[in-house]
Amino acid sequence: MDSKTIRLLLIVVFCGISWVNANLYWQEFQSLPKSYLGAEYSIEITLDEIPQVYQYHTRVTGRVLRVNEFVPSWYQGIRVQLNLYTYDGTYDESIALKAGDTIRGTAVFKAPKSYRNDGSFNYKAYLKRQGISAVGSLKNVTLLNRSPSIRQQIFDTIKKADLSFAGIIAALTIGERSLLPYQVKQVWQKTGLAHSLAISGLHIGMVIGAVFLFVSLGFRYLPLSPAFRERYNKRVVCACAGIAIAVFYAFLADFAISTVRALVLAGIVLAHKLVAVRITPLQLLLRTCLGVFIVDPFAWQDAGFWLSICAVTALFFSSWRWRPKEGRFASLRQLWFIQWVLLIIMAPLSVYLFGGFSLFAPLVNLLILPLISFWILPLSLIATVCSLFEGASYAQWLWYIAEQPLVHVMPYLEKLSGHPSNWLAIDALAVTREARFGALWALIITFIVPVVRIWQRALLTLCLPLSAFVLLNSRDGQLRVHMLDVGQSQSVVIERNGRALLMDTGVSYHSGFSVAEQVIEPFLRYHGLVPELAVISHKDIDHSGGKAYLAERYPNIKWQGAKTNNPCESGRVIHWNGMSLHTYWPTESYAKGGQLSRNNESCVVQLRWNDFKMLFPGDIEMAAEQSLLASLESKDVLNSTILAVPHHGSKTSTSWPLLQAVNAKAYVISYGKHRGYNFPHRYTIERLERTGSPWYGTQEVGQITIISDGDSWSLELPHENR
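The opening position of the sequence shown corresponds to residue 76 in the numbering used here, with each subsequent residue numbered one higher.
Shown next, in the form of structure tokens:
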């Protein structure tokens, strides 16, 4: 490599770093000042997204006009996301907020937070990608100005239309997916069609292609003068018209990140075509990636970016690796082959993002995508344009015509999605993560290796993925205790040799949010675990809220403790996976005497494996702690390596006599920020620090993992700085 090339590379790297830093600074500049977090403020905002209406609350997103006396500059564009809770009487439901409205209310802001666990969705990063710097609650709302946006007007027209699949129409035309029923989303995901519900390269490409064809036909058949034909290049006019219409389409989708990325890709490809630059597919792919990163330096954080890049890479690779099909129905056979190429090459990414992939996806895409591309999408877009020009009746009629193929196709898609051979839920298998992805990458290698004979390829396909699976599907036999980051609640996963036990199931809310669904199940799937046993310490919703969901998802779980047919009893010992669970509380006399509060009914369970011991006292309080110690023949039985601090560190728990009896080497606390509590209390922290052993809280460090071989132990914080 010569010095000139080295200098050029250094300049490119320097420019890239500078560009990323400038965008980071701009993001910080567009954030709400941290001094406004945590207290009530009078706020004025203009809604810039269609409000999302749920059973008990409405979620609005908008740009801040004023917070008390603070008025952001016109170029700052500070965005916030707030919840209006309808059950507390502070929201007039007759207002029916719309995108484009300007409202005033009382808001409490807080910084976005994600649950930091293996497999958990990074909600904080997602909001940051959307330019949302703060979340919170809103009440006492009054409407200052009503000016519905174009997207809102189209959305309202679609809602008023008597459509069977209004959600799909809205998703294809304006990129709004709130009307999509959960069942439809699941059907389309499990049949490999989920990508068609997001406005991306496929839709932008179809729009540009349709405009290109329409303008070309105009040049051919319209009575244009020879001077006009000589003056204007047909290809340039077609390309400009296509890009202009595509920009309008992106505008309808509110210039979502995926549409902007698709526009950049389409623009770069068209530019190379117009100037007739001969480059390799790899060069074109790299230049499009560069263009995307210039417009959006953080595009790599989006799953859609990697799906697009992998799909384009697979197409380029297939054209280089395999010759086009020849003979009868060559085009159809080529499309069929490409669908399988996409399925196999994108399988690891699909498993990483969605947990599996559909074996019927090649067939479904081959049959359904033409319907979407050449019927549903064009008619829906024409109807959308009509709705903007006082043609609501024509728009509704066109939308009705557009959705007719779906009316006839959806019953078959539902049957396919429910077929046991369709969806391969790879992440639901009780195997290691390394084995899952190792086998998939081995399958890709066997697919692309240039083997001529069929029996050789069959042997390679059978042996290589199976070998990778067997070699990588090994557990080290160590005990791992994971205290999950579940906010102001508690859930612990205990695993060894691929088998799992749950201690508590986290919180669930009447809004429908459940820690079991959002944290515990993704964690189990991430590690390839299927729980066999679960213990509920007591009835409080922050410990038992996920029981119903997990019982449905894992019907073979054996349940112990509160809300089960096997309540905790002092003296009970459960043997599981070479370990034992010893219950010390509640005693029979206290349980029958009705002397216990709900917190003091908590199971006090000690996990034992050789020399390693961990005590789980639930939410037990000082009065019960004293009774527990008095009921024991020897306090030494509570001596443990690790103590899960009771009641999230409340001042009413973790008495000094209990700490002396346990004599732990480390303390772990499950808690989160909550306006009604201040956990862990400073008195509790003072007592913990007095012991001389360290303590760790999920609020600060995220998931806490204790690893032991039965003798020695270590503590890991895999998400401490994230």
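Glycine included, each C-beta is placed from N, C-alpha and C at the ideal position. Computed from a prediction, not measured in an experiment: that's the story for all the values here.
Can you check which of these residues, the options, is closest to residue i by C-alpha distance?
i: L159; options: I178, P540, V95; result: I178
i: S645; options: S706, I782, E144, A97; result: S706
i: A736; options: G342, Q531, Q701, P755; result: Q701
i: S468; options: P721, I229, N714; result: I229
i: L360; options: L99, Y771, A543, I384; result: I384
i: P453; options: L535, I81, R528, L277; result: L277
i: G137; options: L99, K400, A182; result: A182
i: G552; options: A97, D784, K260, R141; result: D784
i: L349; options: L288, K740, K309, R528; result: K309
i: V568; options: G587, S586, L608, F588; result: L608
i: F145; options: R134, F294, G113, L107; result: L107
i: V139; options: I233, A171, Y116; result: Y116
i: R396; options: H722, F412, L407; result: F412
i: M689; options: S677, V712, N98; result: V712
i: S195; options: W474, V594, Y584, L85; result: V594
On the criterion of 16 or more Cβ atoms from any shown chain inside 10 Å, does residue i qualify as buried, or is it exposed?
i: T521; result: buried
i: F326; result: exposed
i: E570; result: buried
i: C364; result: buried
i: P301; result: exposed
i: W498; result: buried
i: S455; result: buried
i: F404; result: exposed
i: L442; result: exposed
i: Y742; result: buried
i: L132; result: With the sequence shown as reference, residue 132 is identified as His, and Leu is not the correct amino acid for it. Buried.
i: W530; result: exposed
i: H613; result: buried
i: W660; result: buried
i: T729; result: buried
i: R797; result: exposed
Identify, in the order they occur along the chain, each residue of the same chain with its Cβ nearer than 7 angstroms to the Cβ of residue i, setting aside the five sequence neighbours on each side.
i: P480; result: L446, W450, I451
i: A386; result: L417, M421
i: A316; result: V286, V290
i: S333; result: A273, I274, S275, G379
i: W263; result: A269, L272
i: L547; result: T507, E509, A510, G513
i: C90; result: none
i: P721; result: P692, G693, D694, I695, S728, T729
Determine which residues share a DSSP beta bridge with residue i and list them.
i: M578; result: V567, V610
i: A637; result: A637 is not bridged to any residue.
i: A458; result: Paired residue(s): none; A458 is not in a bridge.
i: F380; result: The partner list for F380 (beta bridge, DSSP) is empty, contrary to what the question assumes.
i: I781; result: V556, L790
i: H278; result: For H278, which the question treats as bridged, DSSP gives no partner whatsoever.
i: I120; result: V139, I178
i: Q57; result: Only positions 76 to 797 of the chain appear in the structure, and residue 57 is not among them; the question remains open.
i: S583; result: S589
i: N115; result: What sits at residue 115 in the sequence shown is Glu, not Asn. DSSP, once it has assigned bridges, lists V183 as partnering E115.
i: I649; result: L656
i: G771; result: Before going further, note that residue 771 is Tyr rather than Gly in the sequence given. In DSSP, Y771 forms a bridge with V743.
i: Q102; result: According to DSSP, which records beta bridges pairwise, Q102 is partnered with nothing at all.
i: W498; result: S433
Beta-carbon within less than 8 angstroms of residue i's beta-carbon, same chain only, minus the 5 sequence neighbours each way: which residues are those?
i: P223; result: K173, A174, G175, D176, D231
i: Q227; result: I125, K173, A174, G175
i: T639; result: I611
i: S787; result: none
i: V482; result: S239, F240
i: L515; result: A422, P423, V426, I501, P540
Which same chain residues, not among the five before or five after residue i, have their C-beta less than 6 angstroms away from its C-beta?
i: F391; result: P356
i: Y629; result: P606
i: G777; result: R191, D560, H794
i: R511; result: I501
i: N674; result: D694, E696
i: N652; result: R571, R574
i: L554; result: R571, W684, S783
i: Y624; result: S589, A591, E592
i: G211; result: L157, A182, V183, F184, K185
Cβ of residue i versus every heavy atom of the ligand PLP: is any distance shorter than 7 angstroms?
i: F588; result: Among the ligands in the structure shown, none appear at all, so the ligand PLP cannot be discussed.
(message) Quick check for students: name the residue ranges of the alpha helix (DSSP H) that lie wholly in the segment 290 to 369, counting only runs of 4 or more.
(response) Within the segment 290 to 369, the complete alpha helix (DSSP H) segments at least 4 residues long are 301 to 306, 309 to 327, 332 to 349, listed from N- to C-terminus.
(request) Could you tell me which uninterrupted alpha helix (DSSP H) segments, each at least 4 residues in length, are contained entirely in the segment 154 to 229, listed from first to last along the chain? (result) You should have 198 to 204.
(request) Would you list, in sequence order, the uninterrupted alpha helix (DSSP H) runs of no fewer than 4 residues that lie entirely inside the segment 429 to 458? (result) The qualifying runs are 436 to 446.
(message) For a minimum of 4 consecutive residues, which ranges assigned as the alpha helix (DSSP H) are wholly contained in the segment 701 to 757?
(response) List check, alpha helix (DSSP H) in window: 731 to 737.
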